[in-house]
Amino acid sequence: MNLHYGLIHVGLPTMVDLRRDKLPNVKEGNMPKNFELCKEGDVAFADASEDTNEVAKVIELFNLDNKDIVCGLHTIHGRDNKNKTIVGFKGYAFSSSAFHNQIRRIAQGTKIYSISTKNFSECYVGIPSKAEQTKIATLLRLIDERIATQNKIIEDLKKLKSAISLKMLHSDSWEQFKIQDIASIGRGRVISSVEISQQENPLYPVYSSQTSNDGIMGYLDDFMFEGEYISWTTDGANAGTVFYRNGKFNCTNVCGLLKLKKGFDAHFVSLVLAEATRMYVSTNLANPKLMNNTMGNIQIRLPKLEEQKRISVVFRKLHGLLETHNSLIIKYSKQKQYLLSQMFI
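Residues in the sequence shown are numbered from 1 upward in steps of one, following full-length UniProt numbering.
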């Protein structure tokens, strides 16, 4: 099986356990002439990255499950030949801030940063007693396992939400409406990063075309809109992305806005609309678009208001659960990073 540098950067945990983690097989004809099989407790470093924080990113082979592993190109294979460490400690020691601060100083390159085996003679890491190593490794491995469990919970919740969406957001028996008949359509204004930086008491979010961080690009002292709205991205790679908004906020000029008339639940309509807009985005342009006139002509099916509200409650609870579990994984990850910065010298 082939352990290549791409898997070290993305796809593998610090402690690789081949009872659950997967590696690709070496393709027939690509087996190197000279190689050494990995042993449990060996480490592998990625020798290059565009980010100095990712140079020398490491994994440790915690459990090989009786499989044969070779390290591929752009990896540096390491082994403790002096038996100074336990299996499970080195991966965390070489992930620590103490080690990576040294790597950042010696990594070479401009756009791509790299290290070589010679660089390791310039780096040091403290090695406590094996009893202490066991305590450190056990704690960090348990946190890693909790993070993996948390990721699984989040993925399962997303799958549940998708399955419920298929069942609860579509019905041919519902009445059909054009967006322009149930909402007033507008958009925000040009808001620059300079304007945002000049605010004295920025309290109110500015929603933009981005989708990360709930679309927030900053905050202003004052607000343009108040209440329940539906926003969507009008231009760019995220064109057609829909958000439910509630409260006091601002929007940029690449953010369309819908203010629903009475008799419609804004949150429910945002859920239905989010699944409909993708078919109306103009993707034949260099810059994808979903403009106001196109949005106004989109047709969606909606139930009576009371049913809209009942279904909306289900999705609000799911959204709340996802937020809670996403918050937990952020906290676990921060806890791990803090320990990696404090437990090694």
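Note that the Cβ used here is the ideal one computed from N, Cα and C, for glycine as well.
Under a 10 Å Cβ-count criterion, His267 is classified as buried, with 16 or more other Cβ atoms of the shown protein chains found around its own Cβ.
Ser341 and Ala98 have their C-alpha atoms spaced approximately 7 angstroms apart.
For Gly320, the enclosing alpha helix (DSSP H) covers residues Leu305 to Gln342. Assigned with DSSP and collapsed to three states, Met15 falls in strand. Phe99 carries a helical assignment under DSSP once its states are collapsed to helix, strand and coil. Between the alpha carbons of Leu166 and Met279 lies a gap of roughly 17 angstroms. Taking C-beta atoms as the reference points, Val55 and Ser114 count as a pair closer than 8 angstroms.
If you compare the alpha carbons of Arg141, Asn83 and Thr117 with that of Ser129, the shortest gap goes to Asn83. Check the Cα spacing between Lys259 and each of Ile127, Gly296 and Pro202: the tightest is with Gly296. Under the three-state reduction of DSSP output, Ile164 falls in the helix class.
Setting aside the 5 residues that flank it on each side, Thr75 is surrounded in the same chain by Leu3, His4, Tyr5, Ile8, Ala44, Phe45, Ala46 and Asp47, each with a C-beta closer than 8 angstroms to its C-beta; the list follows chain order. Relative to the Cα of Tyr204, the nearest Cα in the group Ser192, Val194 and Phe225 belongs to Phe225.
In the three-state reduction of the DSSP assignment, Asp235 falls in the strand class, which pools E and B. Collapsing the DSSP output to three states places Thr277 in a helix.
In terms of Cα proximity to Glu195, the closest of Ile182, Ala183, Asp222 and Asp181 is Asp222. Remark: three or more beta-carbon pairs, one from each stretch, lie closer than 8 angstroms, so the segment 291-310 and the segment 163-179 are flagged as touching. Under the three-state reduction of DSSP, Phe268 is assigned to helix. Shown here, Asn246 sits in a strand according to DSSP, grouped into three states. Sixteen is the threshold: when 16 or more other Cβ atoms of the shown chains lie within 10 Å of the Cβ of Thr277, as they do, the residue is buried.
Burial check for Asn250: the Cβ neighbour count within 10 Å reaches 16 or more, so the residue is buried.
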